[in-house]
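Peer 1:
Numbering (the UniProt record's numbering), first residue to last: 1 to 204.
1) Residue 93 and residue 104 look like a contact to me (Cβ under 8 Å); what is the Cβ gap, rounded to whole Å?
2) Nearest-angstrom Cα distance between residue 38 and residue 173?
3) In whole angstroms, what separates the C-alpha of residue 130 from that of residue 147?
4) Could you pull out every residue in the same chain whose Cβ sits closer than 8 Å to the Cβ of residue 40, ignoring the five residues on either side in sequence?
5) Alpha carbons only, please: which of 42, 49, 5 and 4 is nearest the one belonging to residue 203?
6) Return the first residue and the last residue of the alpha helix (DSSP H) that residue 56 is part of.
7) Measuring CA to CA, which of 14, 3 and 18 is closest to residue 128?
8) Any contact of the region 158-177 with the region 2-19, i.e. 3+ C-beta pairs under 8 Å?
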């Protein structure tokens with residue numbers, strides 16, 4: 001663990017956010033699956049990081065009830081989003097960016113993923129790769145708008161300016177992904193918030 005990561009973990013702990021360090025995505029996947037029991041409800045937010053863990057089938061094989069709107073038909077997605085956000089024993093997601101001071105910065109199109117980070121589930125596990133670390137809030141927002149959102153827009157086949165030009169234009173498109181912005185400064189009350197930091201690049 002290098003000094004920059006060590007200092008970040010210390011900042012997160014000071015903010016009341018429990019943090020675990022993992023060298024690889026295989027290690028964090030093993031940890032998460034170990035924590036899941038057959039009677040648990042697991043929600044998953046829209047996250048390429050979680051997708052890259054390839055954990056969905058593992059959770060199902062443990063006979064946990066898994067709600068992930070990426071894995072259902074379009075007409076079922078809104079209902080599954082709500083169940084994932086408000087009925088989960090454990091909610092799995094990532095963060096778009098994390099500042100060196102330990103702040104979690106996120107931008108969402110619908111808002112279900114980021115709302116579940118601070119209210120709803122009993123426990124939240126945010127898996128974060130080292131590529132998400134940013135100097136401060138302004139650099140975090142810049143990263144999201146010019147790296148995360150354009151790549152997600154392309155993945156979804158949207159026709160937003162960022163998908164076409166690869167950079168945020170602060171558009172008025174109906175398909176705009178930058179609708180809700182949140183900054184978690186400290187652990188919110190009444191939620192078990194955890195960062196599982198992986199010393200690899202994961203997600204957008």
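Glycine residues also receive a C-beta, built at the ideal position from the N, C-alpha and C atoms.
Since the structure is predicted, the reported quantities are computational estimates derived from the model, not experimental observations.
Peer 2: In this structure, then:
1) No, residue 93 and residue 104 are not in contact; Cβ-Cβ is about 11 Å, not under 8 Å.
2) In this model, residue 38 and residue 173 are separated by some 42 Å (Cα to Cα).
3) 15 Å
4) Sequence-distant partners of residue 40 (beyond 5 residues in either direction) whose C-beta falls short of 8 Å from its own C-beta, in its chain, are 64, 65, 89 and 90.
5) 49
6) 56-61
7) Of the listed residues, the one whose Cα sits closest to residue 128 is 18.
8) no
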